[in-house]
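Numbering (the working numbering), first residue to last: 184 to 618.
No residue lacks a Cβ here, since even glycine has one placed at the ideal position from N, Cα and C.
Encoded as structure tokens, the structure appears first; notes follow it.
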């Protein structure tokens with residue numbers, strides 16, 4: 184690296200440090216966008232590392248890897264090779280997404296995390312939320328079922344180990360206290376009246392006259408009685424356009440217009456209305472403005488799976504492994520995923536993260552995916568002796584920079600293959616040799 188870029192990077196980090204407390208000046212931009220602006224203002228986008236950082240940020244949004252929630256991975260960002268990690272996943276309306284990232288080093292490092300909503304092909308996604316760069320956490324209540332993008336990326340010139348956990352949970356409190364041992368006995372969409380109508384809510388059973396509670400802060404918009412729901416209460420949420428419906432109550436405790444807090448008792452469970460022949464239960468529904476009833480279960484479902492913790496050696500991260508036997512790289516780290524490629528035996532793979540029993544890998548051509556750990560090996564393939572003088576290359580490409588010249592007769596350890604190149608090690612130096 185020339186003297187000018189080194190000085191530029193030094194001045195850049197001084198500038199970032201001086202500007203850090205003044206985030207209010209950039210209130211309309213995310214921390215990632217602020218940082219990218221500073222790179223451009225310093226002219227560092229024209230340096231190799233600056234350009235790679237910018238390109239990695241774009242790739243994180245344009246070519247995300249598919250995951251299924253809950254999800255956890257341990258990964259590594261090397262300072263000398265700027266990267267970003269992009270993920271795409273689905274979530275249901277009413278769920279709360281939680282993104283939590285821990286890192287090493289734990290302080291004095293900027294790690295950016297952003298949640299986006301994909302748009303039509305060729306258009307930029309819509310930013311939904313950003314993580315606090317101090318805590319590296321993000322929470323988002325899903326307003327519409329669909330796909331979501333997550334991008335994480337560290338600052339320049341910092342090597343970072345990280346642990347990413349993405350989970351889903353309820354965005355509302357459960358309408359019956361757990362101490363009262365409630366159980367869901369009927370879900371959304373089940374047939375009613377011999378198929379004449381479908382169930383527009385969930386039924387929660389407990390003992391007769393068990394208290395039912397506010398699932399959110401709000402105010403009581405209606406307290407009434409009808410033939411279908413019996414004694415009912417409507418709670419209008421204070422911060423969203425949802426109305427919560429409580430039916431089949433034995434007693435209504437609140438009054439119309441009353442403000443309530445989450446967990447406050449609204450009434451007592453019963454079987455009034457058309458539930459006279461059933462066990463005591465609460466019919467709980469959610470109405471979204473003029474859109475009618477929506478499935479309330481994702482809003483209150485507390486029984487969620489935990490993510491599978493990384494089950495492969497993290498010391499193998501940011502290293503080249505190779506494929507073994509008949510191997511497959513998949514689009515997601517779960518059984519039944521779509522095969523992206525079937526690389527030949529011995530193909531060199533760079534590990535970037537581990538999730539469960541899978542490695543997230545990058546091939547020398549830049550493509551990414553997931554491979555089962557059982558289909559990889561760190562053992563060398565063979566040892567070869569060079570028949571003529573060769574240049575050890577930095578990439579499997581004849582135009583890439585050379586690392587050193589190896590004389591004829593030199594023995595090298597072959598650790599992997601890619602196309603017409605060997606990935607070799609010579610005296611602790613890795614590189615590529617043409618076959």
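Classification of residue i by the beta-carbon crowding that lies within 10 angstroms, buried from 16 upward
{"i": "residue 297", "result": "buried"}
{"i": "residue 568", "result": "exposed"}
{"i": "residue 603", "result": "exposed"}
{"i": "residue 509", "result": "exposed"}
{"i": "residue 542", "result": "buried"}
{"i": "residue 416", "result": "buried"}
{"i": "residue 571", "result": "exposed"}
{"i": "residue 391", "result": "exposed"}
{"i": "residue 335", "result": "buried"}
{"i": "residue 250", "result": "buried"}
{"i": "residue 266", "result": "buried"}
{"i": "residue 373", "result": "exposed"}
{"i": "residue 610", "result": "exposed"}
{"i": "residue 287", "result": "exposed"}
Local conformation of residue i per DSSP, three classes
{"i": "residue 498", "result": "helix"}
{"i": "residue 475", "result": "coil"}
{"i": "residue 394", "result": "strand"}
{"i": "residue 617", "result": "strand"}
{"i": "residue 224", "result": "helix"}
{"i": "residue 357", "result": "coil"}
{"i": "residue 205", "result": "In this prediction, residue 205 scores a pLDDT of 40, lower than 50, which makes its location untrustworthy; the coordinate-derived value is nonetheless stated afterwards. In the structure shown, residue 205 sits in a helix (DSSP, three-state: H, G or I)."}
{"i": "residue 522", "result": "strand"}
{"i": "residue 275", "result": "coil"}
{"i": "residue 386", "result": "strand"}
{"i": "residue 371", "result": "coil"}
{"i": "residue 210", "result": "A caution first: residue 210 carries a pLDDT of 46, below 50, which makes its placement in the model unreliable, though a value can still be read off. Reduced to three states, the DSSP call for residue 210 is coil."}
{"i": "residue 435", "result": "strand"}
{"i": "residue 229", "result": "helix"}
{"i": "residue 597", "result": "strand"}
{"i": "residue 423", "result": "coil"}
{"i": "residue 297", "result": "strand"}
{"i": "residue 363", "result": "helix"}
{"i": "residue 337", "result": "strand"}
{"i": "residue 350", "result": "strand"}
{"i": "residue 244", "result": "helix"}
{"i": "residue 557", "result": "helix"}
{"i": "residue 483", "result": "helix"}
Contacting residues, own chain, Cβ-Cβ under 6 Å from residue i (five flanking each side not counted)
{"i": "residue 365", "result": "359, 387, 389"}
{"i": "residue 483", "result": "353, 355, 357"}
{"i": "residue 466", "result": "384, 386, 430, 431"}
Nearest-angstrom beta carbon gap, residue j and residue i [assumed within contact, 8 Å]
{"i": "residue 506", "j": "residue 530", "result": "5 Å"}
{"i": "residue 545", "j": "residue 551", "result": "5 Å"}
{"i": "residue 341", "j": "residue 257", "result": "Actually they are not in contact, since the Cβ atoms of residue 341 and residue 257 sit about 17 Å apart, beyond 8 Å."}
{"i": "residue 564", "j": "residue 599", "result": "7 Å"}
{"i": "residue 351", "j": "residue 252", "result": "5 Å"}
{"i": "residue 301", "j": "residue 333", "result": "Residue 301 to residue 333, Cβ: 11 Å. No contact."}
{"i": "residue 615", "j": "residue 478", "result": "Between residue 478 and residue 615 the Cβ distance is about 54 Å, and since that is not below 8 Å, they are no contact."}
{"i": "residue 418", "j": "residue 395", "result": "About 10 Å; that fails the 8 Å criterion."}
{"i": "residue 578", "j": "residue 527", "result": "In fact, because the Cβ distance is near 19 Å, the residues do not count as touching under 8 Å."}
{"i": "residue 540", "j": "residue 494", "result": "5 Å"}
CA-to-CA distance, residue j to residue i, given in whole angstroms
{"i": "residue 523", "j": "residue 514", "result": "6 Å"}
{"i": "residue 216", "j": "residue 469", "result": "37 Å"}
{"i": "residue 511", "j": "residue 325", "result": "34 Å"}
{"i": "residue 623", "j": "residue 248", "result": "Since the first residue shown for the chain is 184 and the last is 618, residue 623 is missing from the structure and cannot be characterised."}
{"i": "residue 357", "j": "residue 407", "result": "22 Å"}
{"i": "residue 608", "j": "residue 617", "result": "14 Å"}
{"i": "residue 306", "j": "residue 241", "result": "12 Å"}
{"i": "residue 434", "j": "residue 363", "result": "17 Å"}
{"i": "residue 556", "j": "residue 382", "result": "45 Å"}
{"i": "residue 283", "j": "residue 268", "result": "14 Å"}
{"i": "residue 244", "j": "residue 212", "result": "17 Å"}
{"i": "residue 411", "j": "residue 489", "result": "38 Å"}
{"i": "residue 322", "j": "residue 315", "result": "10 Å"}
{"i": "residue 446", "j": "residue 310", "result": "32 Å"}
{"i": "residue 278", "j": "residue 271", "result": "16 Å"}
{"i": "residue 499", "j": "residue 492", "result": "16 Å"}
{"i": "residue 501", "j": "residue 274", "result": "30 Å"}
{"i": "residue 574", "j": "residue 503", "result": "20 Å"}
{"i": "residue 263", "j": "residue 232", "result": "8 Å"}
{"i": "residue 276", "j": "residue 327", "result": "5 Å"}
{"i": "residue 486", "j": "residue 586", "result": "54 Å"}
{"i": "residue 224", "j": "residue 584", "result": "29 Å"}
{"i": "residue 554", "j": "residue 214", "result": "33 Å"}
Own chain residues within Cβ distance below 8 Å of residue i, not counting five before or after
{"i": "residue 285", "result": "319, 345, 346"}
{"i": "residue 453", "result": "391, 392, 413, 414, 431, 432, 433, 434, 463"}
{"i": "residue 420", "result": "399, 400, 401, 426, 427"}
Beta-carbon contacts of residue i that lie in its chain and below 7 Å, excluding the five residues immediately before and after
{"i": "residue 337", "result": "260, 292, 293, 294, 343"}
{"i": "residue 497", "result": "257, 537"}
{"i": "residue 438", "result": "403, 406"}
{"i": "residue 234", "result": "228"}
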